[in-house]
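Written below as structure tokens is the structure these notes are about.
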Amino acid sequence: MVDLRSDTVTKPTRGMREAIAAAEVGDDVYGEDPTVRELEERVAGLLGHEAALFTGTGSLANLLGVALLVRPGQELLCDAQAHVVRAELGAHASVHGVTTRTWHAERGLLDADEVLAMVAPDAGPFIVRTAAIAVENSHNFGGGTVQPIEQLQRLRSGALERGVSVHLDGARLWNAHVASGTSLQEYGACADTVMVALSKGLGAPVGSLLVSSADRIAAARDQRKRLGGGMRQVGILAAAGLYALDTHLERLADDHAHARRLADVLGVDPATVDTNIVIGDVADAPAVAAAAAEEGVLVSALGPRILRAVTHLDVDEAGIERAVDVLGRALKG
Ligand SMILES: *Cc1c(COP(=O)(O)O)cnc(C)c1O
């Protein structure tokens, strides 16, 4: 089986399981889990922020991060394909009363000036007040695209001038960093709150982090508990994250090379494949996915014409060659 549906399907490696087994733990709701603390400090440092909070999912970290910046009835701007607005089941609205307004972005790519022109920080009692802007990097439904750092910096400075905050959905910020060579700190400096996931390309079974100032993270810690997200001896999961940062970060470049190898067969220009996601426009995506599945290659039909393949550490070169072969035949019908 070659499973390219998502980079979330990876299973913990032997080394990761050993790190999990050896983890020192304590009650994290009491702030006494040394492995969680180590992970939080390490990730905050990597992104150049004061503090971080471990969460069970990226969706929870996004939910907490946006709530720090946007009050009920205020507005979050994001692109129409953003995970926060398409794939979190309305959480920001239903839990925290956040309204959203979206822009269209070709392949998810940010045009800072266009977004800044939408900002309405204070337009009196008639217009919803913009409190924050969310950007996604790399962009999932955009096809793993990396946001140019110049655009992120332009957005950040323009947002600051207008008194508006920036949330960075960096579920795959690691991929963006490895692909572009832009440092994690440079990316971190472009946002007030950042979410990063351990359970995508890094291959940990569970876990994400929200990164921000110490005050904001203290507030997010309270809200996490309020929402039922306080966890006890969770160092066994943090240990997987620390292990992943040590051993699975640089190898993301392999996944990116594998994705470029898949591009051709899906009718995509390899030069437009920045990271580990390939999104092809095909005549009948569900039919192609079903035909490939019969031969043991799994991809996602995200729409009637949208086929997505995601590379990750459980698919090696041989698996990619098999996928190219099977998808090629499935596409010929
Ligand atoms: C996967 C993902 C998330 C959410 O992560 P979960 O752990 O699945 O909740 C958020 N944003 C993006 C861009 C993602 O790809």
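Numbering follows this note's numbering, in which position 97 of the sequence shown is assigned residue number 98; successive positions increment by one, without gaps. Backbone N, C-alpha and C fix where the C-beta goes; we use that ideal spot for every residue, glycine too.
Assignment of Glu-89 by DSSP, reduced to helix, strand and coil, places it in the coil class.
Pairing Ser-301 with Val-311 gives a Cβ-Cβ distance under 9 Å. Beta-carbon to beta-carbon, Leu-299 and Arg-108 are separated by about 24 Å, too far to satisfy the 8 Å threshold.
Under the 10 Å beta carbon count, Ala-221 is surrounded by 16 or more other beta carbons and is classified as buried.
For Ala-288, the enclosing alpha helix (DSSP H) covers residues 286-295.
In this structure, the alpha-carbon of Thr-101 lies about 9 Å from that of His-93. Taking the CA atoms as reference points, Val-44 sits about 43 Å from Arg-330. In the DSSP annotation of this structure, the continuous segment of the alpha helix (DSSP H) that includes Ala-20 starts and ends at 15-23. A residue is called buried once 16 or more other Cβ atoms fall within 10 Å of its Cβ, and Arg-309 is buried on that count. The nearest non-hydrogen atom of ligand 1 is 8 Å or more from the C-beta of Ser-181. Our two residues, Gln-152 and Ala-241, have alpha carbons roughly 33 Å apart in a direct line.
Ile-307 is bridged by DSSP to Asp-282. Taking C-beta atoms under 8 Å as the contact rule, Leu-263 and Ile-321 qualify, at a distance of about 6 Å. Fully contained in the segment 75-153 are the following beta strand (DSSP E) runs of length 3 or more, in chain order: 76-80, 100-104, 131-137. Ile-21 is the residue among Ile-21, Gly-182, Ser-60 whose C-alpha sits nearest the C-alpha of Tyr-244.
At a Cβ-Cβ threshold of 9 Å, His-50 and Val-195 count as neighbours.
With a cut-off of 8 Å, the C-beta of Lys-333 is classified as distant from ligand 1, since no heavy atom of the ligand falls inside that distance. Checking the 8 Å criterion, the Cβ of Gly-66 is out of range of every heavy atom belonging to ligand 1.
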